[in-house]
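**Q** Below you'll find the structure I mean.
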Amino acid sequence: METRNTIQKQTILLAVKELANHPTAEQVYEKVLAKLPNISRATVYRNLSVMADRGMLKRIGVPGGADHYDHTLETHYHVLCTQCGALEDIWLEEPVVNLMTNAQEKSNFTIQNYQLVFNGLCPCCEAKYKTQNPLQ
């Protein structure tokens with residue numbers, strides 16, 4: 032089924048690309064609101080979800096937090112700072128090729144996709160931690 036490419040959808044997609052930092056739906060809404068003052072929060076959230084479902088964006092689930100959206104569709108992974116919530120891309124030279132196959136064999140599921148998010152401290156948070164805990 033073909034969908035219309037509305038100004039709202041174009042503006043939402045452009046906002047995700049312009050923010051370029053794996054924004055949440057709320058961050059996208061704030062950016063879009065500046066250009067389309069009459070747009071509703073529900074419209075932005077719904078369109079982001081539809082775009083992710085249709086493969087126009089990647090939805091990155093963050094346990095205990097809001098989903099983030101990524102406009103980069105090439106195979107890559109993410110790293111999440113457990114302190115400040117920064118989310119960044121990781122480009123690995125050797126993608127985790129056998130992960131889906133192994134998961135499928137061990138689960139008896141037909142694996143269609145996977146999402147890999149590494150957790151740790153970003154350089155800024157690590158420096159703060161070391162400053163506050165100099166003996167560690």
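In the working numbering, each residue carries its 1-based index in the sequence shown increased by 31.
The beta carbon of each residue, even a glycine, is placed where N, CA and C say it ideally should be.
(1) Would DSSP call residue 160 helix, strand or coil?
(2) Please give the ranges of any beta strand (DSSP E) in the stretch 98-146, keeping only runs that are unbroken, at least 3 residues long and fully inside the region.
(3) Between which two residues does the beta strand (DSSP E) holding residue 150 run?
(4) Looking at the secondary structure, which residues open and close the alpha helix (DSSP H) in which residue 43 lies?
(5) Quick check: the Cα distance between residue 116 and residue 122, rounded to an integer number of angstroms?
(6) Could you check whether the stretch 126-145 touches the stretch 69-87, counting it as contact only if at least three pairs of C-beta atoms, one from each stretch, sit closer than 8 angstroms?
(7) Out of 148, 90, 62, point me to the one whose CA is closest to residue 99's CA.
(8) Tell me where the alpha helix (DSSP H) around residue 77 begins and ends.
(9) Measuring alpha carbon to alpha carbon, tell me which of 124, 55, 74, 107 ends up nearest residue 96.
**A** Inspection of the coordinates gives the following:
(1) As a position in the sequence shown, residue 160 is number 129, starting the count at 1. DSSP places residue 160 in helix when its eight states are reduced to three.
(2) 99-101, 108-112, 118-121
(3) Indexing the sequence shown from 1 puts residue 150 at position 119. 148-151 is the span of the beta strand (DSSP E), which, as asked, contains residue 150.
(4) As a position in the sequence shown, residue 43 is number 12, starting the count at 1. That run of the alpha helix (DSSP H) goes 38-50.
(5) On the sequence shown, residue 116 is found 85 positions in, with the first residue counted as 1. On the sequence shown, residue 122 is found 91 positions in, with the first residue counted as 1. Those two C-alpha atoms are separated by around 19 angstroms.
(6) no
(7) If you number the sequence shown from 1, residue 99 lands on position 68. Ranked by how close their Cα comes to the Cα of residue 99, the residues 148, 90, 62 have 90 in first place.
(8) Residue mapping note: residue 77 aligns to position 46 of the sequence shown, counting from 1. Segment 72-84, the alpha helix (DSSP H) holding residue 77.
(9) By one-based count along the sequence shown, residue 96 stands at place 65. Nearest of 124, 55, 74, 107 to residue 96, Cα basis: 55.
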